[in-house]
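Visitor: This is the structure I have questions about; it appears just below.
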């Protein structure tokens, strides 16, 4: 359980440093790739999963782990928490 929460806190810290920055550490717009199909949605999803979804997902997964549920259900709990966090955005 401690490992799950520590992974979530790592993701939360990583979300603060995600993306390009200028010399004064201000965020810069990302450079879009050649194929821009769905790029903005992927960037938004990745950032929000790191900043909030990981913590909620790991909390749901930890709850199921403490309840003695199997690994597959725990993984569904993690996905549920991440999707719930994205829905709140």
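In my numbering, the protein residues as written are 307 to 395.
Backbone N, C-alpha and C define an ideal beta-carbon position, used for all residues, glycine too.
A quick note: this is a predicted structure, and the numbers were derived from the prediction, not measured.
Alpha carbon to alpha carbon, what distance is there between residue 394 and residue 350?
Guide: By one-based count along the chain shown, residue 350 stands at place 44. By one-based count along the chain shown, residue 394 stands at place 88. Distance between the alpha carbons of residue 350 and residue 394 is about 13 Å.
Visitor: Helix, strand or coil for residue 340 per DSSP?
Guide: For the purposes of this step, residue 340 is taken as the residue at position 34 of the chain shown. Residue 340: coil per DSSP, three-state reduction.
Visitor: Are the CB atoms of residue 353 and residue 324 nearer to each other than 7 Å?
Guide: Counting from one through the chain shown, the residue named residue 353 turns up at place 47. Counting from one through the chain shown, the residue named residue 324 turns up at place 18. In contact: residue 353 and residue 324 (Cβ atoms closer than 7 Å).
Visitor: Have a look at residue 321 and residue 311 and give me their C-alpha separation to the nearest angstrom.
Guide: Translated into the one-based positions of the chain shown, residue 321 becomes position 15. Translated into the one-based positions of the chain shown, residue 311 becomes position 5. Cα to Cα, residue 321 sits roughly 15 Å from residue 311.
Visitor: With a threshold of 6 Å, establish whether the CB of residue 377 neighbours any heavy atom of the ligand ADP.
Guide: Judged by which ligands are present, the structure shown has none, so any question about the ligand ADP falls away.
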